[in-house]
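So the structure is just underneath, and the comments pick up after that.
2 protein chains.
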Amino acid sequence: MDTKARILDAAEATFAQEGFDRASLRVITARAGVNLAAVHYHFGSKEALLEATVRRRLDPVNRERLERLDAVEAAAGAAAPALEPVLEAFLAPPILALAALGERGRLIAHLIARVYFEGGVEPRRVLVEQFREVVQRFAGALGRALPQLPPEEILRRLQYGIGVMTHVLADAPQIHRIAPVPLAEEDAETTLARVLAFVTAGMQAPAARPRASVARASAAR
Amino acid sequence: MDTKARILDAAEATFAQEGFDRASLRVITARAGVNLAAVHYHFGSKEALLEATVRRRLDPVNRERLERLDAVEAAAGAAAPALEPVLEAFLAPPILALAALGERGRLIAHLIARVYFEGGVEPRRVLVEQFREVVQRFAGALGRALPQLPPEEILRRLQYGIGVMTHVLADAPQIHRIAPVPLAEEDAETTLARVLAFVTAGMQAPAARPRASVARASAAR
DNA sequence: CTATCATTCAAACGTTTGTTTGAAACGCCC
DNA sequence: GGGCGTTTCAAACAAACGTTTGAATGATAG
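Heads up: the protein sequence lines correspond to chains A and B, in order.
Note that the working numbering has the first sequence beginning at 98, numbered continuously upward.
Note that the working numbering has the second sequence beginning at 98, numbered continuously upward.
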């Protein structure tokens, strides 16, 4: 019965390191110490295995997000919730959960970011569906916390915040390599505090009216 | 001689739609109307073709970034440049250039984001090297525009800004699909104004001191 | 102990892949 | 216009892939 779990662990590590397409089932099953056919027996296909791998890590994070949001809204009562606690409910679960997994957590974030950007049709669909409730709940809460902003602006800024989070978690650009000053490793709570400060301020920015003068474009009309 | 250009166009479209691994040279060459072996004759390998594809679009953008930054710094003279123009010099070139390419521009952004996250060792190295000068120049300018922030904080916030930009350009989450309100298509200058407002405000956030009390973590120590 | 189910295993299947090869076609200069 | 370097072409190569198969093995219940 732990065959399934062994496959999941090996698949997680391999998918994260190599990417979905480059990761072969032969490598995964060898790493797990199980037979090649076990993947199809237990999961059905390589794509379904990816889906299971992602869900195992993402489901608890999204659940905790909603729980935290429940708590924030309950504390606010009938009043509008404050902005920062709402954002913290969104950002803290993935940052803390992945940090708790150490180096493996970074790989997992990398994997999820990959699926987010690339990914076959099916895994991406699963990922997006997975986010539907989360996005809708948080969009509502942010709208109440920022009543001066139109709903459309709220959604776009939430998307920006997701971009920051994804980027930070996946450590995508490996900016350390080219940074003019050395960037020390920092613990999860410091990361969270930094990201929270940035996103909170960004969310509170005055609504940008569309303006044509700001850009002296070169190639745009 | 236009064989090379035809291959580049076809490769760009195919890589962007399918991803590097899934895009086969047979599809690319068929789309370009050239012989399969032409790729190796003109580029050497599939990976080198990806590299050429990315460079063709990214080089002009990074060049324009530096030119704009030159102009901003020249206008400021000996004084510190203002924050927003610096950020605009960073954000406007990719947003406007890709928008000028229409639907294809979105695909290209998607492709670059992919390489950024996944990517073989070599293409990613190229991408990172490509950014070295840009990151260093902008980190310096941002440091002068925000003298109250330590250099490390500057770099991290620049990384956050890159995350926002990458996410917006690549339209990664296809958040439209799950948005509670319909999100209208917007032109590039509106997008730029929105992103600029968000990132400018985020950059100006008060420096977050590491604090342990903010997070009542569930799984983290 | 036997029958029945779930699980594991080695082997093979058919496809597709990036790459290589050697000859054919082309364009250009003297 | 013959010769030469560049470019194109069809064909083949070996390797790797996800998936399937059918028998062997294990555990469970009657």
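Glycine included, each C-beta is placed from N, C-alpha and C at the ideal position.
**Report entry** Interfacial residues, the stretch 125-150 of chain A to chain B, with Cβ spacing under 9 Å
**Finding:** none
Requested in this report: Take Val296(A) as the anchor and find which of Ala242(B), Leu255(B) and Arg153(B) has the nearest alpha-carbon.
Outcome: Leu255(B)
Query raised in the report: What are the residues of the stretch 200-219 of chain A that lie near chain B, defined by any Cβ-Cβ distance shorter than 9 Å?
Result: His207, Ala210, Arg211, Tyr213, Phe214, Glu215, Gly216 and Gly217
Query raised in the report: Below 9 Å between beta carbons: does that hold for Phe214(B) and Phe228(A)?
Result: no
Report task. Taking Asn132(A) as part of the alpha helix (DSSP H), name the residues at either end of that continuous run. Result -> No alpha helix (DSSP H) contains Asn132(A), which DSSP labels as neither H nor E.
Query - Any chain B beta carbon closer than 9 Å to Glu170(A) - result: no
Requested in this report: Can you have a look at Tyr138(B) and say buried or exposed, based on whether 16 or more other CB atoms are within 10 angstroms of its CB?
Outcome: exposed
**Report entry** Under 9 Å between C-beta atoms of Val151(A) and Ala238(A)
**Finding:** no
Query - Contact belief for Lys143(A) with Leu122(A) at Cβ below 8 Å, rounded distance in angstroms - result: 6 Å
Query - Under 8 Å from the C-beta of Gln301(A): neighbouring residues of chain B - result: Ala298
Requested in this report: Can you say whether Leu289(B) is buried or exposed, counting buried as having 16 or more other CB atoms within 10 angstroms of its CB?
Outcome: buried
Query raised in the report: Hey, does Arg153(A) have any beta-carbon neighbour from chain B nearer than 9 Å?
Result: no
Query raised in the report: Between Leu166(B) and Ala186(B), which are expected to be in contact by the criterion C-beta below 8 Å, what is the C-beta distance as a whole number of angstroms?
Result: 5 Å
**Report entry** Near-chain B residues of the stretch 232-251 of chain A - C-beta to any C-beta below 8 Å
**Finding:** Val232, Gln233, Ala236, Gly237, Pro248, Glu249 and Glu250
Requested in this report: Determine the chain A residues that contact Gly376(B) at a beta-carbon separation under 8 Å, and present them in chain order.
Outcome: Within the shown structure, residues of chain B are numbered from 98 to 318, placing residue 376(B) beyond reach of any answer.
Requested in this report: Kindly say whether Arg104(A), judged by its beta-carbon, lies nearer than 9 Å to any beta-carbon of chain B.
Outcome: According to the sequence as given, residue 104(A) is Ile; it is not Arg. For Ile104(A), the answer is no, since every Cβ of chain B falls outside 9 Å of its Cβ.
Query raised in the report: What did DSSP end up calling Ala309(A) once you bin it into helix, strand or coil?
Result: Its pLDDT being 45, under 50, Ala309(A) is placed unreliably by the model, and nothing is read from it.
Query raised in the report: DSSP on Leu38(B), reduced to helix/strand/coil?
Result: Chain B is shown from 98 up to 318; residue 38(B) falls before or after that span and cannot be answered.
Query raised in the report: Can you tell me the Cα-Cα spacing of Arg225(B) and Leu188(B), whole angstroms?
Result: According to the sequence as given, residue 225(B) is Val; it is not Arg. Roughly 17 Å separates the two Cα atoms.
Query raised in the report: Could one say the Cβ of Val261(B) lies closer than 9 Å to chain A's Cβ atoms, at least one of them?
Result: yes
Requested in this report: Please work out which residues of its chain come closer than 6 Å, Cβ to Cβ, to Val231(A), disregarding the five sequence neighbours upstream and downstream, and give them in chain order.
Outcome: Asn159 and Arg162
Query raised in the report: If you measure from the beta carbon of Leu166(B) to each beta carbon in chain A, is any gap under 9 Å?
Result: no
Requested in this report: Would you check if there are 3 or more beta carbon pairs closer than 8 Å linking the stretch 248-268 of chain A to the stretch 102-109 of chain B?
Outcome: no
Report task. Check whether the Cβ atoms of Ala298(A) and Arg241(A) sit closer than 9 Å, and answer yes or no. Result -> no
**Report entry** Whole-number beta carbon distance between Val223(A) and Met262(A), since they are thought to touch under 8 Å
**Finding:** Not quite, the Cβ-Cβ distance comes to about 19 Å (not below 8 Å), so this is no contact.
**Report entry** Beta-carbon contacts of Phe112(A) that lie in its chain and below 7 Å, excluding the five residues immediately before and after
**Finding:** Ala120, Leu147, Thr150 and Leu208
Query raised in the report: Any beta-carbon of chain A closer than 9 Å to the one on Arg291(B)?
Result: yes
Query raised in the report: From Pro190(A) to Ala285(A), what distance separates their C-alpha atoms?
Result: 11 Å
Requested in this report: With Ala196(A) as the anchor, note down where its alpha helix (DSSP H) starts and where it stops.
Outcome: Leu180 to Ala197
**Report entry** Cβ of Ala304(B) within 9 Å of any chain A Cβ
**Finding:** yes
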